[in-house]
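Counting from 1, position 191 in the sequence shown corresponds to residue 191 in UniProt numbering; the numbering is continuous, with no gaps. Following: one structure in structure tokens, then a few remarks.
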Amino acid sequence: MDILDQYKEVRTYTEQICKPLQTEDYVVQVAEFASPAKWQLAHSSWFFETFILLPHLPDYKLFNKDFPFLFNSYYNNAGDRVLRAKRGNLTRPTTDEVYAYRQYVDTAMGQLLNQKLDADIVQLVTLGLHHEQQHQELLLSDIKYMFGQNPLFPAYDSDTSLLDQERNIETGSVKIPEGVYTIGYQGEGFCFDNELGVHKVYLHDFEIQKGLVTNGEYLDFIKAGGYKDFNLWLDEGWSWLRQNQVSMPLYWHEIDGQWMHYTIKGFQKINENDILKHISFYEAMAFAEWTGMRLPTEFEWEIASGQLNWGQRWEWTNSAYLPYPGFKKADGAIGEYNGKFMINQMVLRGASMATSPKHSRPTYRNFFHPSAQWQYTGIRLAK
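Given below as structure tokens:
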């Protein structure tokens with residue numbers, strides 16, 4: 001598939017995600033970390049306009065002079081921007097104007113991608129496509145969070161197939177012998193800069209579970225008083241729990257002795273055999289402590305991944321998000337993509353049922369703050 005076809009495929013999927021939404025749904029921002037759908041539709045277009053069209057398509061004109069300020073995310077090198085917490089205040093421009101902006105950018109990108117391009121431009125477009133795929137997963141997570149805070153718990157899409165991989169298909173564990181292993185991306189295709197810096201690590205022998213933790217297993221932890229025993233929790237996690245009055249995973253509700261949870265298909269009874277999701281690192285660590293096991297490191301996960309069925313949940317690891325040996329940020333705004341976030345974040349490996357097609361690989365290093373719950377996160381245990 002050539003780069004223009006790839007571009008059309010990715011951009012079309014973003015708009016497909018938004019098809020079930022009503023106009024009012026596009027604007028709401030119920031938390032600082034969850035951006036409105038309208039903003040994400042525009043931001044992913046701003047990325048192509050700012051980093052590809054303006055510098056590389058002759059005579060390209062901005063769609064709207066205010067949009068760079070409105071839809072920049074965190075790129076200081078690209079200029080000023082609206083504060084993240086204020087994105088929900090943007091009742092204007094309208095949703096129709098944002099879709100017109102996307103069409104304007106798509107038309108211009110079509111003109112550019114029909115030309116013979118230098119390899120560095122193709123590489124930049126490819127980065128833009130993977131950036132948009134990241135926002136596709138954020139769209140799904142943010143939309144679910146918005147509906148999950150609605151007292152009516154409306155379904156995002158009653159017919160979605162995103163819940164197909166809800167069960168473990170394997171049990172038991174994988175044993176990995178001690179040794180020196182190679183870590184990092186070594187392929188010919190795309191990867192993010194944080195996957196580069198191929199290097200050796202020494203691993204002690206370890207064992208990692210083939211299946212992810214289920215709702216039923218986690219429910220046993222709750223019933224055993226897991227959220228009340230400070231001995232199980234990291235100090236920061238215990239503070240987070242108490243400050244936010246957390247007593248169960250995100251979207252879970254106990255109603256008249258019945259355990260329920262909000263799903264993108266609506267409010268449903270919890271199935272204990274389904275794989276647990278929407279769990280913070282703090283909760284994952286406490287659960288692992290309760291079981292007498294632990295979370296794997298990101299290096300253990302990568303080495304074992306070839307023997308695991310992964311992709312149902314982003315899996316917390318017990319590895320801080322740090323640069324690999326020889327990591328170097330690119331110059332300018334593109335260099336802000338990953339490197340400046342290498343503090344106070346934990347690495348997640350794998351992918352989830354909300355991850356876009358063709359956007360996962362064993363070396364992918366996702367990262368979030370330990371308190372994050374709204375992504376499709378889960379737990380795989382090791383010892």
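The C-beta atom is built at its ideal place from N, Cα and C for all residues, glycine as well.
According to DSSP, residues forming a beta bridge with residue i
i	result
Asn366	Leu348
Glu315	Arg349 and Gly378
residue 393	Given a span of 1 to 383 for the chain in the structure shown, any question on residue 393 remains unanswerable.
Lys358	DSSP, once it has assigned bridges, lists no residue as partnering Lys358.
residue 384	Residue numbering for the chain in the displayed model covers 1 to 383; residue 384 lies beyond these limits and cannot be assessed.
Ile176	Phe206
Helix, strand or coil at residue i [DSSP, three-state]
i	result
Val10	helix
residue 384	Outside the modelled stretch of the chain, which goes from 1 to 383, sits residue 384, for which no answer is possible.
Phe33	coil
Gln22	coil
Met260	strand
Phe287	helix
Ile270	coil
Ala224	coil
Ala320	strand
Ile343	coil
Tyr60	coil
Glu188	coil
Tyr337	coil
Asp5	helix
Pro325	coil
Lys265	coil
Tyr282	helix
Gly79	coil
Ala85	helix
Pro154	coil
Leu16	According to the sequence as given, residue 16 is Gln; it is not Leu. The answer is helix: DSSP assigns Gln16 an H, G or I state.
Supposed close pair residue i, residue j - CB separation, criterion 8 Å
i	j	result
Gly378	Leu234	Their Cβ separation, rounded to whole angstroms, is 19 Å, which puts Gly378 and Leu234 out of contact at 8 Å.
residue 412	Tyr145	Lying outside 1 to 383, the shown extent of the chain, residue 412 is not represented and no answer is given.
Ala382	Leu308	11 Å between Cβ atoms; not a contact.
Met285	Tyr321	With a Cβ gap of about 16 Å, Met285 and Tyr321 do not count as contacting.
Leu129	Val10	5 Å
Glu272	Asn215	5 Å
Val201	Phe281	Actually they do not touch by this definition, with Cβ atoms about 21 Å apart.
Leu140	Ile17	6 Å
Pro20	Val27	No, Pro20 and Val27 are not in contact; Cβ-Cβ is about 16 Å, not under 8 Å.
Thr126	Phe48	The pair is not a contact, with the Cβ atoms about 12 Å apart (cut-off 8 Å).
Limits of the beta strand (DSSP E) - the one that residue i falls within
i	result
Met293	Looking at the DSSP string, Met293 is not in any beta strand (DSSP E), and its letter there is neither H nor E.
Glu207	Phe206 to Gln209
Ser141	Careful: Ser141 lies outside any beta strand (DSSP E), inside the alpha helix (DSSP H) at Ala119 to Gly148.
Ile255	Trp252 to Ile255
Asn194	It is not in any beta strand (DSSP E) - Asn194 carries neither H nor E in the DSSP assignment.
Trp310	Premise fails: Trp310 is in no beta strand (DSSP E) and is neither H nor E.
Ile169	Premise fails: Ile169 is in no beta strand (DSSP E) and is neither H nor E.
Delimiting residues of the alpha helix (DSSP H) encompassing residue i
i	result
Val180	Taken as a continuous stretch (DSSP letters only), Val180 belongs to no alpha helix (DSSP H), being part of the beta strand (DSSP E) at Gly179 to Ile183.
Val201	Looking at the DSSP string, Val201 is not in any alpha helix (DSSP H); the run it does join, the beta strand (DSSP E), is His199 to Leu203.
Met109	Thr95 to Leu113
Ser239	Asp235 to Asn244
Pro68	Phe67 to Phe71
Residues of its chain near residue i, where Cβ-Cβ distance is below 7 Å and the 5 sequence neighbours each way are ignored
i	result
Glu336	Tyr74, Tyr75, Asn76 and Asn77
Phe267	Phe153 and Met260
His369	Asn344 and Gln345
Ile169	Asn309
Arg380	Ile208, Gln209, Leu212, Pro296 and Glu315
Pro325	Gly197 and His199
Ser356	Tyr13, Gln133, Gln136 and Glu137
Asn114	Leu4
Asp106	Arg11
Leu54	Tyr60
Ile303	Ile176, Tyr181 and Leu203
Chain D contact for residue i (CB, 7 Å cutoff)
i	result
Gly110	Absence of chain D from the displayed structure is noted, only one protein chain being present.
Cut-off 6 Å between Cβ atoms - residues of its own chain near residue i, not counting five sequence neighbours on either side
i	result
Ala155	Lys265 and Gly266
Val98	Lys38, Leu41 and Ala42
Ala333	Tyr75, Asn77 and Ala78
Phe71	Ala42, His43 and Trp46
Phe341	none
Tyr218	Leu276
Asn366	Trp314 and Leu348
Leu112	Leu57
Gly172	Lys210
Cβ neighbours of residue i in the same chain (closer than 8 Å, five flanking residues each side left out)
i	result
Phe327	Asp193, Asn194, Leu196, Gly197 and Gly339
Ala224	Trp290
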